[in-house]
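*Asks:* Have a look at the structure that comes next, please.
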Amino acid sequence: MPKPKLSVVVTRRLPEAVETRLSELFDVKLRDDDTPMSRTDLVSAMKSADVLVPTVTDEIDSALIGQAGDRLKLIANYGAGVDHIDVSTARQRGILVSNTPGVLTDDTADMTMALLLAVLRRMPEGLNVMQSDGWDGWAPTAFLGGRVGGRRLGILGMGRIGQAVARRAAAFGMQVHYHNRRRLRPEVEEALEATYWESLDQMVARMDVISINCPATPSTFHLMNARRLKLMKPEAVIVNTSRGEVIDENALTRMLRSGEIAGAGLDVYERGTHVNPRLRELENVVLLPHMGSATREGRMEMGEKVIINIKTFDDGHRPPDQVVPSML
Ligand code: 8YV
Numbered sequence: 000m001p002k003p004k005l006s007v008v009v010t011r012r013l014p015e016a017v018e019t020r021l022s023e024l025f026d027v028k029l030r031d032d033d034t035p036m037s038r039t040d041l042v043s044a045m046k047s048a049d050v051l052v053p054t055v056t057d058e059i060d061s062a063l064i065g066q067a068g069d070r071l072k073l074i075a076n077y078g079a080g081v082d083h084i085d086v087s088t089a090r091q092r093g094i095l096v097s098n099t100p101g102v103l104t105d106d107t108a109d110m111t112m113a114l115l116l117a118v119l120r121r122m123p124e125g126l127n128v129m130q131s132d133g134w135d136g137w138a139p140t141a142f143l144g145g146r147v148g149g150r151r152l153g154i155l156g157m158g159r160i161g162q163a164v165a166r167r168a169a170a171f172g173m174q175v176h177y178h179n180r181r182r183l184r185p186e187v188e189e190a191l192e193a194t195y196w197e198s199l200d201q202m203v204a205r206m207d208v209i210s211i212n213c214p215a216t217p218s219t220f221h222l223m224n225a226r227r228l229k230l231m232k233p234e235a236v237i238v239n240t241s242r243g244e245v246i247d248e249n250a251l252t253r254m255l256r257s258g259e260i261a262g263a264g265l266d267v268y269e270r271g272t273h274v275n276p277r278l279r280e281l282e283n284v285v286l287l288p289h290m291g292s293a294t295r296e297g298r299m300e301m302g303e304k305v306i307i308n309i310k311t312f313d314d315g316h317r318p319p320d321q322v323v324p325s326m327l
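Under numbering that gives the first Met the number 0, the letters of the sequence shown match residues 0 to 327, in that order.
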């Protein structure tokens, strides 16, 4: 008798080809509308399914995991960051967690550079003038930004994405510096021509640009707090394509308003969609709606990774992208 298909609940609409393939392989429940799943629906999904496929818009906390049914054995996250999932509680309950690392590295690094360029070269101001039909013509001193080449970039978090940012920044002629929990191997550091700072404070005080590329964990929460933001040079700028919680958003907003920090490029926010409204009023700030990894190719590859994780688990093996608490 053929083995019954795994029951899989997907919390958001995924690219059609990914949904189709999931439906061929598993007994899948897909969404019709593309809104975050309600808490009630998440509870019933976790009670009934063998596998849950959530995204960053689902808060899979310990209370929710506590209500999971005995069938739930795998949370196959569609995304690399797992800060919205209580991985330790899941593990205690015997539920595996997997993610989709690697396939969104280049897209996120590209967006980091796009934000960095947009802020340093004052692109929002240029866009505004053109869109409001307010351009009077070229002038020698209009819209002067800062040259990217030669500037010092301090990367906070030198994992896959941080390193991809480092390679791009070097190609733009930037001096690459980094702070990370662990120093990179000498040959990797050498290849990236990156200078390691054990002291984050010392690095922050000397950089022209800070890029946040570390995951959100209890130990990175408000790593860029008011005290540390104050260490930045007044002409320095900060970009964040990681998670909003790493920066104290209110403190950053205050300092941007008072000119203590020259500019910011943000793709992520501390309170999700509740962006500090004052940030929107600032000319030296570029805001994006969490679109760092939003490419068609990336979303397909994320789907393929989710499928491989579920299929491998179904075949009785460890999902290749299993996340364990000690990795976090
Ligand atoms: C994803 C991300 O789009 O993968 C991540 O960690 O931050 C995003 O770029 C999102 O998480 C999908 O769940």
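Glycine included, C-beta positions come from ideal geometry on N, C-alpha and C. Just so you know, these numbers come straight off a predicted model, no measurement behind them.
1) Verify whether the separation of the beta carbon atoms of N98 and V118 is less than 8 angstroms.
2) Grouping DSSP H, G and I as helix and E and B as strand, with all else coil, what is L152?
3) Return the CA-CA distance between D32 and R11, expressed in angstroms with no decimal places.
4) Can you check which of these residues, T140, F171 and G271, is closest to G148 by C-alpha distance?
5) Between S292 and the ligand 8YV, is there a pair consisting of the residue's CB and a ligand heavy atom that are separated by less than 7 angstroms?
6) Checking 8 angstroms against the spacing of the C-beta atoms, do L183 and M157 come in under that value?
7) State the start and end residues of the unbroken alpha helix (DSSP H) segment that holds S61.
8) Should the stretch 291-304 be regarded as contacting the stretch 268-283, the criterion being three or more beta carbon pairs within less than 8 angstroms?
9) Would the beta-carbon of V7 be found less than 7 angstroms away from any heavy atom of the ligand 8YV?
10) Skipping 5 residues on each side, what residues in its chain have a beta carbon closer than 8 angstroms to that of G125?
11) Return helix, strand or coil for D26, following the three-state DSSP convention.
12) Which class does I94 belong to by DSSP, given the choice of helix, strand or coil?
13) Determine the closest residue to L255 out of V86, F25, P288 and N275, with distance taken between C-alpha atoms.
14) In the stretch 237-275, which residue ranges form an unbroken alpha helix (DSSP H) of at least 4 residues, counting only runs that do not cross its ends?
15) Starting from L286, trace the beta strand (DSSP E) in both directions and tell me its first and last residue.
16) When DSSP builds the beta bridges, which residues end up paired with Q201?
17) Please tell me whether, using a cut-off of 7 angstroms, the distance from the CB of L103 to the nearest non-hydrogen atom of the ligand 8YV is below it.
18) Enumerated in chain order, which unbroken segments of the beta strand (DSSP E) with a length of 3 residues or greater are wholly contained in the stretch 69-134?
*Replies:* In short, the structure shows the following:
1) No, the Cβ-Cβ distance between N98 and V118 is not below 8 angstroms.
2) Per DSSP, reduced to three states, the secondary structure at L152 is strand.
3) Rounded to the nearest whole angstrom, the CA to CA distance from D32 to R11 is 8 angstroms.
4) Checked all of T140, F171 and G271; the closest Cα to G148 is F171.
5) For the ligand 8YV, at least one heavy atom lies less than 7 angstroms from the Cβ of S292.
6) Less than 8 angstroms divides the Cβ of L183 from the Cβ of M157.
7) Boundaries of the alpha helix (DSSP H) around S61: S61 to G65.
8) No, because fewer than three Cβ pairs between the stretch 291-304 and the stretch 268-283 fall closer than 8 angstroms, the two stretches do not touch.
9) Checking every heavy atom of the ligand 8YV against the Cβ of V7, none is found closer than 7 angstroms.
10) Within the same chain, G125 has close Cβ partners F142.
11) Reduced to three states, the DSSP call for D26 is strand.
12) Correct three-state label for I94: coil.
13) For the residues V86, F25, P288 and N275, the minimum Cα distance to L255 belongs to N275.
14) With a minimum length of 4 residues, the continuous alpha helix (DSSP H) runs that stay inside the stretch 237-275 are 248-257.
15) Counting along the chain, the beta strand (DSSP E) containing L286 begins and ends at V284 to L286.
16) Its beta-bridge partners do not exist; DSSP assigns none.
17) Correct: L103 has its Cβ closer than 7 angstroms to the ligand 8YV.
18) List check, beta strand (DSSP E) in window: 73-75 and 95-97.
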